[in-house]
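In the UniProt record's numbering, the protein residues as written are 1 to 323.
For glycine and all other residues, C-beta sits at the position ideal for the given N, C-alpha and C.
To start, the structure under review is shown below, and the notes come after it.
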């Protein structure tokens, strides 16, 4: 058995004032109550909220305080993420991994900003993989990244056993994300630690999923601290023998007989994707996508009924009401 205790902190996040003091306070309470915790993960953009006007350089006073907290409690600390502003004025959604010695061992820039809504935020291009000595290999992705399985595929192909996943989801698709978290754990035979915020930081419902897709913990809509001891040997056993002795998906992917032309941008295999229109926020009453050419559908012969085009709105019969 290779045990390792990770705690998620689901907390209320303010949008217009810093939350760093609150994070440090909750961390002190968590460690007083559960001193056996070895790693702590906060939600996406927990420190300064979701507005990128509060972006800071990568090295800043808040990170220094988190370093001190990691040393004080002798823990690995991932304080969610914050907007990073580079010297050339670009803004990234960036997470920092701090070890128990207060050292930054890794940083990660969100690869898939939530476009078109997360406007003005650049996309990162590097992956985050780090080792906890004598424990195992960890990887980091942020919120919308998990909707793109290629990100987790890259991490787990490099040996990642625990996916740390801070999120900020305050929208109606949170239940879809929970389904994706479970599917990710099963597809890639890894633990998923998914921590959401509250208030301006999300609608909660943080979760911890084991490699067989079992939900080990599910938060509700209130503040929550949830330390859980994981067993990384379970990951190694399952990857070798399959989930419940069944699917050995990582080895099956390794031994695949096909390469996927969709990943070659010049192959033409993604021609359909180019018909979907621009990546933009829908407008009120938008009918975009309702009347488009369907792949493989032939053009109706002369005289056949045809669907209205975007330039010709459909005509509906008027309803007649009688008393």
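For residue 214, the three-state secondary structure derived from DSSP is coil. The Cβ atoms of residue 140 and residue 168 lie no closer than 8 Å to each other.
For residue 76, the number of other beta carbons within 10 angstroms of its own is at least 16, and it is reported as buried.
Beta-carbon to beta-carbon, residue 52 and residue 83 are separated by about 5 Å, close enough to satisfy the 8 Å threshold. Where residue 104 is concerned, there is no enclosing alpha helix (DSSP H), although the beta strand (DSSP E) around it starts and stops at 104-109. Contact check for residue 161 and residue 191: beta-carbon distance about 7 Å, within the 8 Å limit, so the pair qualifies. Residue environment for residue 166: buried (at least 16 other C-beta atoms within 10 angstroms of its C-beta). Under DSSP, residue 12 forms a beta bridge with 198. Annotation for residue 95: the continuous beta strand (DSSP E) segment containing it runs 91-98.
For residue 177, the three-state secondary structure derived from DSSP is helix. Rounded to whole angstroms, the gap between the alpha carbons of residue 50 and residue 246 is 42 Å.
At the C-beta level, residue 142 and residue 181 stay beyond 8 Å of one another. Within the stretch 42-84, the complete alpha helix (DSSP H) runs of at least 4 residues fall at 61-73. Annotated as proximal: residue 37 and residue 30, with beta-carbon spacing under 8 Å. In the DSSP annotation of this structure, the continuous segment of the beta strand (DSSP E) that includes residue 225 starts and ends at 224-231.
Judged by DSSP in its simplified three-state form, residue 1 adopts coil rather than helix or strand. Shown here for residue 231: same chain residues with a beta carbon closer than 7 Å to its own, the five before and five after excluded, namely 1, 2, 3 in chain order.
Sequence-distant Cβ neighbours of residue 114 in its own chain, meaning closer than 8 Å and more than five residues away, are 143, 144. Between residue 62 and residue 20, the C-beta gap is smaller than 8 Å, which places the two residues in contact.
Here the C-alpha atom of residue 254 lies approximately 16 Å from the C-alpha atom of residue 186.
Within 10 angstroms of the beta-carbon of residue 47 lie 16 or more other beta-carbons, which makes it buried.
Here DSSP, grouped into helix, strand and coil, assigns residue 128 to strand.
Residue 14 and residue 260 have their C-alpha atoms some 44 Å from each other. About 15 Å separates the Cβ atoms of residue 94 and residue 41, ruling out a contact at the 8 Å cut-off.
Under DSSP, residue 166 takes part in a beta bridge, and its partners are 195. Taken through DSSP and simplified to helix, strand or coil, residue 208 comes out as strand. The beta carbon of residue 102 sits closer than 6 Å to the beta carbons of 67, 70, 71 from its chain, once the five residues preceding and following it are set aside; these are given in chain order. By a beta-carbon distance limit of 8 Å, residue 7 does not contact residue 188. Their separation comes to about 23 Å. If you check the CB distance, residue 43 and residue 195 come in under 8 Å.
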